[in-house]
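Heads up: take any position in the sequence shown, counting from 1, add 57, and you land on the numbering used here.
Just so you know, even glycine gets a beta-carbon here, dropped at the ideal spot from N, CA and C.
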Amino acid sequence: MSWGDLLAILQGAVVTVTLSFAGILIGSPIGLALAVLRWADVPVAASAVAVYVSILRATPLVTLLLLLFFALPNIGIAVDPISAAILALVMSTAAFNCEVWRASLMNFPKDQYEAAQSVGMNATLRFRRILLPQIARASLPGLVNEMSLLIKVTPALAVVGVVDITRAAVRIGAETYEPLPPFLVALALYVPIVFILVSLQRWIERRQIRAEAA
């Protein structure tokens, strides 16, 4: 492997991290909104969310990506590979995160919510001060697990030409006829990316424990 090959894999790592975190940052709050709609049992919307989540969770990311990339132009919506990749990641992340958030909402003691309502807190304040801090703490391990899985499925984006870590490693291995070195480099890049996520989760959890003990 040359330095140029190593640089190509590092550029793929930038693409992997950028697209993954775009999917996470956009998809996680959307997943929360969907979970709240189901938890609140909003007429029609709750059923629509349940159908959406069921379909998206059953659809492989690569299938969803190809559908978006080839179907949207047929209805007059131009989409490039990066846009299609981000949209697919957001849709998939929102569906999986919805279930993580909803599990925490289902386990939330509603008497706290009702007590806050009885003292005059409006719905927005109850959600922000009472509900969200507790479900965020309970959902954190599940959310980080989904984030890690999202990063590890980004090689699927290669089907529309997005050059991530794995796609770059495959190309270099094919050109040099030495596939092992680029894949070892790829592995050496994936591990710290996921490790950073897990370390961030543990840091947040330690801060929460210290705040509760204070």
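Secondary structure at residue i, three-state DSSP: helix, strand or coil?
i	result
D168	helix
M178	coil
S59	coil
G84	helix
S97	Residue 97 is actually Ala in this sequence, not Ser. Coil.
T116	coil
G69	helix
V106	helix
V136	coil
V157	helix
V216	helix
V147	helix
V74	helix
V201	helix
Please list, in chain order, all residues of the same chain as residue i whose beta carbon is under 8 Å from its beta carbon, the five residues on each side excluded.
i	result
P117	A213
M58	I229, T233, E235, P238, P239 and V242
L197	Q258, I261 and E262
M178	R186 and I187
Suppose contacts are defined by Cβ-Cβ distances below 9 Å. Is residue i in contact with residue j by that definition?
i	j	result
L246	A79	no
L122	A141	yes
I192	S161	yes
Q68	V210	no
I143	I208	no
I253	T73	no
V136	L125	yes
L188	F165	yes
L148	W96	Looking at the sequence itself, residue 148 is Met, so the reference to Leu does not match. Taking 9 Å as the Cβ cut-off, M148 and W96 do not qualify as a contacting pair.
If you draw a straight line from the alpha carbon of residue i to that of residue j, how long is it in whole angstroms?
i	j	result
Y109	R159	14 Å
R228	T75	20 Å
F153	P236	34 Å
Q258	S85	15 Å
I66	P238	11 Å
S3	S256	With the chain covering only 58 through 271, there is no way to say anything about residue 3.
A226	I261	34 Å
D168	L200	25 Å
I139	T150	16 Å
E171	V99	18 Å
N202	I81	12 Å
V106	R185	22 Å
W60	T181	54 Å
Excluding the five sequence neighbours on either side, which residues of its own chain have a C-beta within less than 7 Å of the C-beta of residue i, listed in chain order?
i	result
V216	V119, L122 and L123
R194	Q265
Q174	R183
L94	A102, A103 and V106
Below 6 Å CB to CB, which residues in the same chain sit around residue i once its five sequence neighbours on both sides are set aside?
i	result
C155	G88, L91, A92 and V110
Next item on the list: For the segment 219 to 256, list the beta strand (DSSP E) runs that are entirely contained and at least 3 residues long, ordered along the chain.
Entry: None, since the segment 219 to 256 contains no complete beta strand (DSSP E) of that length.
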